[in-house]
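In structure tokens, the structure reads:
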């Protein structure tokens, strides 16, 4: 029997046990080369075949249009906060933009988009335009991000000819997420954007939990692997050709999309081990899709259904707890994340501790909210199973 | 019996089998947390203790002075090519330097220092001064780097008040290396530098193969982990306090030494898995040192002795081969790398292929030279054992 606990952590986060067991074999001997995956040359034919398969599987799962590239980079979201500014500004200039400080539109709906916006401001290369910032003051006097804004509140505020328009699909810390359903007022207002708008999305926590709606409205989508698909140390960048083919000497090579495109992500040694495990996760997603009757190109829809199902279950238990005065959701109706459900335990720190330690005694870890906001956070990434969610709900009911 | 081959690859490269076996346990369950190392929060107490141990062990092994920080970053040498320029220029300005384009001195002895120099030129932020470039034309008409220059050829050419002075200790592609013995003419001319000179060393391939001579002459030493101590995806930066405490808005956050210092390398999610395996390798180095009668602070000396021993054996066989007209060394006497011994097989491509495929048949892989220079390259990183080296030499003798 496994000595592993249930991991509701927000990232790095749970990976499928089967993948980890398989990865152990690869660590010692990658595909019968007699060399472990962490020891093999990134220039070897074996690894090259592998990384191309990872790319292909990602393209298939996402149903990625041909004019987008998939890039594998290092540095996480933090590196991309800077990289998107530098690469999008280069593109702005290359297409004839002449503003000395081009407009850069940021939609701030939580801690991560706020960090991205602050990095853009700090770099000082453009005119950062926060077209909406949803931060409010909660009942307890603390600052909080608790909702996705209504289209009407910002859809007319986009700059004329911005170098980039930035949003974060899912805010891991705050538990708010744009709705995939365009009819919903908490979706992203794609309709309001002109064709070819330089839209950048941080997809980190949602990436590969479900299909990406309106991929073709985006210039750049990026995601850290360490939520749904792999270990930390790997960042996936999906970039449309016209934004990828700009070389600019002001961009440090490690942040240049063009350097990654030209080398097919092998300019220098990539994070081989993280790419390997991510590749195993993607293979497994295709297999599990097939086991559930989905062709390869529909496998991600299957995961999307599971995602909705798991979040619905937790939210139902939360609602019940709210009705009984035990729990208190932190996020407004319609804005809740399907990846990270956040709530408070009524009764202060002691009650919160009681809830978290009770969960740990029952083999469930990672439920503490982000240090900046406190409370409970239930992360429901792909590797968290419905059975595990059921166990949590059973405990939530017991606790009530 | 293990199905693993002998791996003489240049990086990513061999790791100790014992470490990989141990890492498998950690992949599934890190230190009895019930959570695998690739799945655990980098903010958890368990991981924080671990990363501090990795740092401490590195400090002990290197006998690092107190006024140096150890930082864990992503992006490899390529990211550091840019990072050193940005951080050293920031330091230059913070101490009152006023040149619009400060001098940056580069010592070019091979492919990697050349790349670093080109990145500095490309960024265009300083006046790149190549004070020596050892590239020559080989007998076959190809460009080659085949030696470490004599002190006299450049020790008086350092700029007045440079923002940085850059060298690469060991050139992995070309197989040349600065000598640790200051008496040797192929050592680095530390004596010629004024106190506090902003000396930067790329230590990637040599890092942890032996003690670093004259650490305290350096402002920055950096190394990719994927040679002697771990998987790709982790870069170690050792930086003296006065160069680490400069904040400058022009530096992308992911490349800022100060951001790493202030957060103790935990500004954002670090490459947890690579740090973990590196930590296991360092623990093992201390153990093996102890097994060979060395106290912790002398363990790296033991590795240094092994390094010298392994390289001497291969070089002796190479000499023998040269005498018999079978092999031909590519590097001038006194400049040879102890990490990467490079040579040609006399008789052209067919003979080379015969040598490499014969080795593969005998379970020895990774002997092909870098695609830019061809020939044979024998990499002798820490995880390559003396027994394995003996097996190669036996084969070299057979081949003769």
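Chains as they are written, first to last, in the UniProt record's numbering: chain H, 1 to 400; chain L, 1 to 400. For each residue, glycine too, the CB sits at the ideal point set by N, CA and C.
- Against chain L, the beta carbon of residue 249/H has neighbours under 8 angstroms at 122, 123 and 124, listed in chain order.
- DSSP, read as helix, strand or coil, puts residue 188/L in coil.
- Here the C-alpha atom of residue 363/L lies approximately 25 angstroms from the C-alpha atom of residue 324/L.
- The residue among 97/L, 276/L and 81/L with its C-alpha nearest the C-alpha of residue 106/L is 81/L.
- Within chain H, the residues whose beta carbon sits less than 8 angstroms from that of residue 42/L are 12 and 232, listed in sequence order.
- Under the three-state reduction of DSSP output, residue 210/H falls in the coil class, being neither helix nor strand.
- In this structure, the straight-line span from the alpha carbon of residue 263/L to that of residue 209/L is close to 28 angstroms.
- Contact between the stretch 337-347 of chain H and the stretch 306-322 of chain H is present, with at least three C-beta pairs closer than 8 angstroms.
- With distances taken between CA atoms, residue 358/H lies nearest to 400/H out of 73/H, 400/H, 172/H and 222/H.
- Annotation: Cβ neighbours of residue 270/L in chain H (cutoff 9 angstroms, chain order): 76, 232 and 233.
- Listed in chain order, the non-local C-beta contacts of residue 110/L below 7 angstroms within the same chain comprise 145, 168, 171, 173, 174 and 176, local neighbours out to five positions each way being set aside.
- A straight-line Cα-Cα distance of about 47 angstroms links residue 32/H and residue 197/H.
- Shown in chain order are the members of the stretch 258-287 of chain L whose Cβ falls below 8 angstroms from a Cβ of chain H: 267, 268, 269, 270, 271, 272, 273, 274 and 277.
- Per DSSP, residue 349/H has no beta-bridge partner at all.
- The residue from 243/H, 327/H and 337/H with its alpha-carbon nearest to that of residue 397/H is 327/H.
- Comparing C-alpha distances from residue 40/H to each of 22/L, 55/L and 10/L shows the shortest one belongs to 10/L.
- Excluding its 5 nearest sequence neighbours in each direction, residue 370/L has C-beta neighbours in its own chain below 6 angstroms: 173, listed in chain order.
- In the three-state reduction of the DSSP assignment, residue 385/L falls in the coil class, being assigned neither a helical nor a strand state.
- Inter-residue distance for residue 282/L and residue 219/H is about 43 angstroms (C-alpha atoms, whole angstroms).
- Within 9 angstroms of the CB of residue 371/L, the CB atoms of chain H belong to 43, in sequence order along the chain.
- Annotation for residue 133/H: the continuous beta strand (DSSP E) segment containing it runs 127-133.
- With contacts defined by Cβ atoms closer than 9 angstroms, residue 151/L and residue 134/L do not form a contacting pair.
- Put simply, the CB of residue 55/L is far from chain H, with every gap to its CB atoms at 9 angstroms or more.
- With a threshold of 16 other beta carbon atoms within 10 Å, residue 160/L falls short and is exposed.
- Around the beta carbon of residue 136/H, a 10 Å sphere encloses fewer than 16 other beta carbons of the protein chains shown; the residue is thus reported as exposed.
- Residues of chain L whose Cβ lies closer than 7 angstroms to the Cβ of residue 20/H are, in chain order, 27, 28 and 36.
- Secondary structure note for residue 24/H: its alpha helix (DSSP H) is the uninterrupted segment 17-28.
- For residue 214/L, the CB contacts under 6 angstroms within the same chain, skipping 5 residues up- and downstream, are 190 in chain order.
- Interface with chain L (9 angstroms Cβ-Cβ cutoff): residue 5/H is included.
- Of the candidates 236/L, 66/L and 240/L, 236/L places its Cα closest to the Cα of residue 54/L.
- Put simply, the CB of residue 32/L is near chain H, with a gap under 9 angstroms to one of its CB atoms.
- The C-alpha of residue 260/H is placed about 41 angstroms away from the C-alpha of residue 184/L.
- Under the 8 angstroms Cβ criterion, the stretch 221-239 of chain H counts as touching the stretch 272-291 of chain H, having at least three qualifying pairs.
- Beta-bridge pairing by DSSP links residue 179/H to 187/H.
- Linking residue 295/H to residue 289/H through their CA atoms gives a straight-line distance of about 7 angstroms.
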